[in-house]
Amino acid sequence: MRFLLNRLIHAIFLLFGVSLLSFLLLSLAPGDYLSEMQLNPQISPETVAALRHQYNLDRPIPVRYSHWVAAAVKGDLGFSFAYNVPVTKLLSSRILNTLLLTIPATILAWIIAIAVGVISAAKQGRWEDQVASAGTTTLLITPDILIALVFLWVALRSGYFPVGGMVSVGFDELTATQKLRDITLHAAIPITILVLSIIPVLIRHVRATMIEALHSPFVRAARAHGIPRSRLLLRHVFPAAANPLVSLFGLSIANLLGVGLITEVVMSWPGMGPLLLESVQARDLYVVIGAILISAFVLQTGIFVSDLLLLACDPRIRKGAR
Amino acid sequence: MKLTLPLGLLTLIGIHLLFLFCGYIAPYDEAQQDRMAAFAPPTKVHLARSYPYIYVCAWNAHETDSGYDEDCSQKFAVHLFVNGGDSHLFGVASPGRISLFGTDGLGRDQFSRFLFGARLSLFAGILATFLALLLGTLIGMTAGFYGSFVDSTLMRFAELFLALPWIYLLLAVRAFLPLHLSPIQTFFLLVVIIGAIGWARPARLVRGIVLSGKERNFVLAAKNLGASNGYILRRHILPQVYGVVLAQAALLVPQYVLAEITLSFLGLGVGEPAASLGNLLGELQQYHVISSYWWMFLPGIALLLIFFSYFVMANALQRRLKFIAV
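Each protein sequence line maps, in turn, to chains P and U.
Residues in the first sequence are numbered from 3 upward in steps of one, following this note's numbering.
Residues in the second sequence are numbered from 350 upward in steps of one, following this note's numbering.
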């Protein structure tokens with residue numbers, strides 16, 4: 003329990019640091035959303051000054067930060083200038099759309115990676131392994147942008163998959179099953195892009211840890227006892243190899259969020275990515291900070307979950323933790 | 350297997366020289382437009398008995414898919430080592446135009462733009478790597494060598510940079526800086542941004558090596574013989590770090606090139622008319638471009654070859670490193 007508590011406190015401090023750093027950086031930036039407004043001759047300087055006062059932009063940075071933190075603890079991340087709604091409301095709808103892509107992609111990628119990795123470790127050096135490693139190498143050197151563009155091209159050319167957005171026109175009139183079908187069709191290509199982008203690293207790690215575990219003495223002993231090969235692989239070797247993979251799970255979230263941003267932009271998926279991009283361009287201060295904070299939060303949650311899993315599947319850590 | 354490292358190194362040097370001299374190798378300037386030849390497909394080079402020549406492509410709507418047809422009445426020879434105005438490696442006499450990768454929406458030669466763009470992206474990546482490794486090595490060595498309070502402060506600070514998904518961090522720092530700048534300013538800006546946020550990972554690696562390296566017997570011996578901290582760091586610790594830093598460089602350069610590409614692709618990097626690989630790929634975000642003009646993908650495919658050389662290099666370096674460690 004101490005172990006988990008330590009990690010939790012650590013994560014909270016980290017989030018606090020990230021918020022401080024991003025707030026500082028963005029507040030020091032030249033110009034804000036309102037300075038664009040000043041250029042507009044139809045808006046009087048008094049109006050801009052009043053708005054500036056209303057949003058606390060005329061106060062010194064430490065005061066603004068303490069105000070912001072006090073509100074953020076209560077779950078209020080500030081106000082979006084461009085959308086004219088609370089940041090929390092804006093982000094919560096977008097983060098759901100992003101999770102709609104990332105969660106299925108994570109599950110799918112891990113299933114495929116474990117299957118391919120275990121097979122190529124078991125058949126090390128044979129043609130199955132060589133095909134798999136050629137595939138992973140190709141995917142590894144291909145930039146995510148290029149993968150996304152190729153699939154955009156496939157989607158446009160084949161015509162089977164709708165391109166752009168999350169739902170079709172007239173979505174509200176569809177029945178529940180049709181709605182599900184519509185979203186699935188829209189999500190199919192982005193999920194494929196995500197899976198292909200994150201999978202090569204996963205496969206290589208699964209293969210490497212499996213090979214290491216296969217060479218340990220207990221495997222030879224088990225084989226000498228006459229345990230069949232498939233059972234040996236799945237019941238004995240894989241659990242022994244699972245440890246580093248569980249840690250990788252948390253870290254792979256970071257990669258996933260990054261690729262997700264590009265995928266969403268290319269496929270015009272209404273997730274966090276396009277929103278963050280727009281707000282960076284519009285200098286929508288609080289939305290940028292909120293989005294960054296949430297990405298850090300998701301990443302820390304991923305690492306925390308993988309710590310929990312590690313605790314559950316590795317007795318050595320449990321003993322050490324007590 | 351033994352040859353992988355030197356061969357990979359040679360290939361990489363060759364590629365970089367190619368881009369370094371892109372002004373000479375590219376037949377046209379990156380910004381030179383020809384509005385009469387927008388989205389022209391790659392020029393076909395025909396081989397004659399005496400010399401290779403090309404047909405000039407005349408606009409001929411509704412005839413073919415691309416809307417361009419070869420006009421076979423006029424032949425233009427491809428000359429090597431052209432010397433007219435400025436010199437180029439190859440070219441054809443006007444009004445003929447040779448565009449090996451086709452042209453973009455403004456009729457600019459994609460091949461030239463690829464060379465110029467790759468120069469920008471690659472050297473941005475290399476400079477950023479240099480900066481990140483320099484910072485990372487300095488900070489990592491300081492943290493590892495002095496330990497205790499210095500170490501924990503620096504490493505907590507490094508964790509802040511590792512606590513964010515990479516692209517989000519990149520965007521956050523980019524958001525802090527002015528959006529509209531000249532290409533040269535943007536170039537250096539990108540280098541500084543990428544380098545400044547990339548130091549954390551190499552710093553942690555270097556710190557780990559220094560932590561174990563400073564306990565080795567020859568370092569302890571030097572210390573007891575009265576060597577100063579600066580001397581030990583320079584003569585005994587730094588050489589132990591080189592291998593890892595070099596292997597990191599081969600890994601980081603493609604990653605940072607990709608960072609530049611990503612920012613330019615998202616419209617936050619180098620702006621028109623300067624070419625960058627990100628800009629070139631960014632044009633593919635328009636549906637009509639991506640679905641109709643396949644040659645706009647060619648810069649991306651050429652990019653794969655560059656990344657592949659770096660990949661081979663990084664692998665070879667890492668294998669060599671393991672060999673030394675054992």
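Think of the CB as a built atom: it goes at the ideal place given N, C-alpha and C, for glycine as much as any other residue.
Residue environment, residue i, which counts as buried when at least 16 other CB atoms sit within 10 Å
i, result
"G161/P", "exposed"
"R324/P", "The predicted model places R324/P with a pLDDT of 45, which falls under 50 and marks its position as unreliable, so this point remains unresolved."
"D458/U", "buried"
"V675/U", "The predicted model places V675/U with a pLDDT of 40, which falls under 50 and marks its position as unreliable; any figure quoted below should be read in that light. Exposed, because fewer than 16 other Cβ atoms sit within 10 Å of the Cβ of V675/U."
"W129/P", "exposed"
"H188/P", "buried"
"A599/U", "buried"
"N99/P", "buried"
"C371/U", "buried"
"R505/U", "exposed"
"K91/P", "exposed"
"Q44/P", "exposed"
"V89/P", "buried"
"N628/U", "buried"
"G631/U", "buried"
"L16/P", "buried"
"K563/U", "buried"
"L366/U", "exposed"
"P219/P", "exposed"
"F450/U", "buried"
"Y377/U", "buried"
Continuous beta strand (DSSP E) stretch holding residue i: start and end
i, result
"G440/U", "D435 to G440"
"K564/U", "The sequence shown places Glu at residue 564/U, rather than the Lys named in the question. Segment: none, E564/U is in no beta strand (DSSP E) and carries neither H nor E."
Range of the contiguous alpha helix (DSSP H) that encloses residue i
i, result
"V267/P", "F240 to V268"
"L396/U", "That residue, L396/U, is in no alpha helix (DSSP H); its beta strand (DSSP E) goes V394 to L396."
"E609/U", "L587 to F614"
"F425/U", "Per DSSP, F425/U belongs to no alpha helix (DSSP H); it is in the beta strand (DSSP E), Y417 to A426."
"M385/U", "Run containing M385/U: none; DSSP gives neither H nor E here."
"G451/U", "Careful: G451/U lies outside any alpha helix (DSSP H) and carries neither H nor E."
"W515/U", "W515 to A524"
"P532/U", "P532 to G547"
"F299/P", "L287 to C315"
"I131/P", "Checking the sequence, you will find Asp at residue 131/P rather than Ile. That run of the alpha helix (DSSP H) goes W129 to I143."
"A623/U", "No alpha helix (DSSP H) contains A623/U, which DSSP labels as neither H nor E."
"E632/U", "Here E632/U belongs to no alpha helix (DSSP H), and DSSP marks it neither H nor E."
"Q283/P", "M274 to A284"
"S641/U", "Y636 to S641"
"S68/P", "I63 to V75"
"Y400/U", "Premise fails: Y400/U is in no alpha helix (DSSP H) and is neither H nor E."
"G579/U", "N578 to I581"
Rounded Cβ spacing between residue i and residue j (contact assumed at less than 8 Å)
i, j, result
"F660/U", "L148/P", "About 15 Å separates the two Cβ atoms, so there is no contact after all."
"T685/U", "L601/U", "Here chain U covers residues 350 to 675 and nothing more, so residue 685/U does not appear."
"V289/P", "S82/P", "5 Å"
"P551/U", "V619/U", "Not a contact, Cβ separation roughly 25 Å."
"F388/U", "Y642/U", "5 Å"
"S297/P", "Y517/U", "5 Å"
"P473/U", "L539/U", "The amino acid at residue 473/U is misidentified as Pro; the sequence shows Ala. About 5 Å separates the two Cβ atoms, so the contact holds."
"V208/P", "I109/P", "Actually they are not in contact, since the Cβ atoms of V208/P and I109/P sit about 15 Å apart, beyond 8 Å."
"G273/P", "G262/P", "7 Å"
"A134/P", "V118/P", "5 Å"
"L670/U", "A596/U", "5 Å"
Heavy atom of the ligand MG within 8 Å of residue i beta-carbon
i, result
"G456/U", "Absence of the ligand MG is noted for the structure shown, with no ligands found whatsoever."
| query | What are the residues of the region 505-521 of chain U that lie near chain P, defined by any Cβ-Cβ distance shorter than 7 Å? | reply | The region 505-521 of chain U vs chain P, Cβ under 7 Å: E508, L509, A512, L513, P514, W515, I516, Y517, L520 and A521.
| message | If the cut-off is 9 Å on Cβ atoms, which residues from the region 134-159 of chain P count as contacting chain U, listed in chain order? | response | Listed in sequence order: T139, T140, L142, I143, T144, P145, D146, I147, L148, L151, V152, L154, W155, L158 and R159.
| field | Positions along the region 286-304 of chain P whose CB lies within less than 9 Å of some CB in chain U | value | Contact annotation: in the region 286-304 of chain P, residues whose CB is within less than 9 Å of a CB in chain U are L287, V290, I291, A293, I294, S297, A298, V300, L301 and Q302.
| Whole beta strand (DSSP E) elements within the region 150-222 of chain P, 3-residue minimum | As far as the region 150-222 of chain P is concerned, it has no whole beta strand (DSSP E) run of at least 3 residues.
| message | Output needed in chain order: residues of the region 52-71 of chain P with a Cβ under 9 Å from some Cβ in chain U. | response | Result list empty, no residue passes.
| What are the complete alpha helix (DSSP H) segments, minimum 4 residues, inside the region 90-120 of chain P? | Entirely contained in the region 90-120 of chain P, not one alpha helix (DSSP H) run reaches 4 residues.
| field | chain P contacts made by the region 621-637 of chain U, where a contact means CB separation under 7 Å | value | For the region 621-637 of chain U, the set of positions with a beta-carbon nearer than 7 Å to some beta-carbon of chain P reads L630, L633, Q634 and Y636 in chain order.
| 4-residue-minimum alpha helix (DSSP H) runs that sit fully inside the region 482-511 of chain U, ordered along the chain | Runs of the alpha helix (DSSP H) inside the region 482-511 of chain U: 497-511.
| request: Return the residues of the region 594-612 of chain U that lie within a Cβ-Cβ distance of less than 7 Å from chain P, sorted by chain order. | output: The residues in question are L607, I610 and T611.
| Got a sec: which bits of the region 102-116 of chain P sit with their beta carbon under 7 Å from any beta carbon on chain U, in order along the chain? | Listed in sequence order: no entries.
| Fully enclosed by the region 356-386 of chain U, which alpha helix (DSSP H) runs are 4 residues long or longer? | DSSP runs (the alpha helix (DSSP H)) wholly in the region 356-386 of chain U: 371-374.
| query | Enumerated in chain order, which unbroken segments of the beta strand (DSSP E) with a length of 3 residues or greater are wholly contained in the region 9-53 of chain P? | reply | Runs found: none.
| query | Which of the residues in the region 638-649 of chain U, read from start to end, lie with their CB under 9 Å from any CB of chain P? | reply | Those residues of the region 638-649 of chain U placed with their C-beta closer than 9 Å to a C-beta in chain P are I639, S640, W643, F646 and G649, ordered along the chain.
| the region 178-209 of chain P: positions lying closer than 8 Å to chain U by Cβ | If you check each beta-carbon in the region 178-209 of chain P against every beta-carbon of chain U, none falls closer than 8 Å.
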